[in-house]
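Enquirer: In my numbering, the protein residues as written are 42 to 209. Cβ coordinates follow ideal geometry from the N, Cα and C atoms, glycine included. I'd like to ask some things about the structure below.
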Ligand code: MG
Ligand code: FE
């Protein structure tokens, strides 16, 4: 294996861990949301997409001769990469999570751009195609979050102003 192959495999494993972390961030958020059904709906959609992304990454790794059992070790190793995520006790958790999710999606976008540079250089067209699909889903999610930050913030303020439950 060349150094570049090794860099690619390491990046794929890191992305696999990143996606598992994404699930561990989004699933508790969805289960807590009460007053923001449009956010819950989009998060649930992205959870389903993320499960597909994990399968694509595993497919690429298997194509490179990497066994699936090796992947378990990488889970949760992203750790402090996005240490700011997880504000479940804050009164404005819906806003903090909206901001943190936008940051996380942009982290994912950067990770896939890095992997795509290596897949392209290696002329690995199947990996390129699979990684492009993941990247497109991250770009769509980031765009949705970008457009939703204003809406969520103003809805939170309006609910608070009217004395209604706004936190989640
Ligand atoms: Mg993802
Ligand atoms: Fe994502």
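Leaving aside the five residues before and after residue 60 along the sequence, list all residues of the same chain whose C-beta is less than 6 Å from its C-beta, in chain order.
Expert: In the chain shown, the residue the question calls residue 60 occupies position 19. So the list reads 91, 94, 95, once near-sequence residues are dropped.
Enquirer: For the structure I just gave you, are there three or more beta carbon pairs, one from the stretch 190-206 and one from the stretch 134-146, closer than 8 Å?
Expert: Because the criterion of three Cβ pairs below 8 Å is met, the stretch 190-206 and the stretch 134-146 touch.
Enquirer: From residue 206 to residue 131, what does the alpha carbon distance come to, in whole angstroms?
Expert: Looking up residue 206 in the chain shown gives position 165. Looking up residue 131 in the chain shown gives position 90. Those two C-alpha atoms are separated by around 14 Å.
Enquirer: Take residue 73 and list the residues in its own chain whose beta-carbon comes closer than 6 Å to its own, dropping the five residues that flank it on each side.
Expert: Here residue 73 refers to the residue found at position 32 when the chain shown is read from its first residue. So the list reads 209, once near-sequence residues are dropped.
Enquirer: For residue 120, which residues from the same chain have a beta carbon less than 6 Å from its beta carbon, with the 5 sequence-adjacent residues on both sides left out?
Expert: Residue mapping note: residue 120 aligns to position 79 of the chain shown, counting from 1. Annotation note: pLDDT 49 at residue 120 (below 50); position unreliable, coordinate value reported separately. Once the five neighbours on either side are set aside, residue 120 has no close Cβ partner at all.
Enquirer: Between the stretch 186-195 and the stretch 155-165, are three or more C-beta pairs nearer than 8 Å?
Expert: No: the two stretches stay apart, fewer than three of their Cβ pairs being nearer than 8 Å.
Enquirer: My guess is that residue 150 and residue 179 are in contact by the Cβ rule of under 8 Å, so how many angstroms apart are they, rounded?
Expert: Position 109 of the chain shown, counting from 1, holds the residue named residue 150. Position 138 of the chain shown, counting from 1, holds the residue named residue 179. Yes, they are in contact, since the Cβ atoms of residue 150 and residue 179 sit about 5 Å apart, within 8 Å.
Enquirer: Ignore the nearest five residues each way along the sequence and tell me which others in residue 154's own chain have a CB closer than 8 Å to its CB.
Expert: Taking the chain shown and counting its residues from 1, the one referred to as residue 154 is at position 113. Same-chain partners within the cutoff: 176.
Enquirer: For residue 54, does the three-state DSSP call read helix, strand or coil?
Expert: If you number the chain shown from 1, residue 54 lands on position 13. Helix at residue 54.
Enquirer: Can you find a heavy atom of ligand 2 that lies under 7 Å from the Cβ of residue 182?
Expert: Looking up residue 182 in the chain shown gives position 141. Yes, the Cβ of residue 182 comes within 7 Å of a heavy atom of ligand 2.
Enquirer: Helix, strand or coil: which one does DSSP assign to residue 75?
Expert: Translated into the one-based positions of the chain shown, residue 75 becomes position 34. Coil.
Enquirer: Does any heavy atom of ligand 1 sit closer than 7 Å to the C-beta of residue 85?
Expert: What you label residue 85 is simply residue 44 of the chain shown in a count that begins at 1. No, the Cβ of residue 85 stays beyond 7 Å of every heavy atom of ligand 1.
Enquirer: Please classify residue 69: does DSSP put it in a helix, a strand, or coil?
Expert: For the purposes of this step, residue 69 is taken as residue 28 along the chain shown, with counting starting at 1. Residue state, collapsed to three classes: helix.
Enquirer: State yes or no: is the C-beta of residue 175 nearer than 7 Å to some heavy atom of ligand 1?
Expert: Counted from its first residue, the chain shown places residue 175 at position 134. Because some heavy atom of ligand 1 lies under 7 Å away, the Cβ of residue 175 counts as near it: yes.
Enquirer: Whose C-beta lies closer than 8 Å to the C-beta of residue 125 among residues of the same chain, with five residues either side of it excluded?
Expert: Indexing the chain shown from 1 puts residue 125 at position 84. Because the pLDDT of residue 125 is 47, which lies under 50, any placement of that residue in the model is unreliable, and the question is left without a value.
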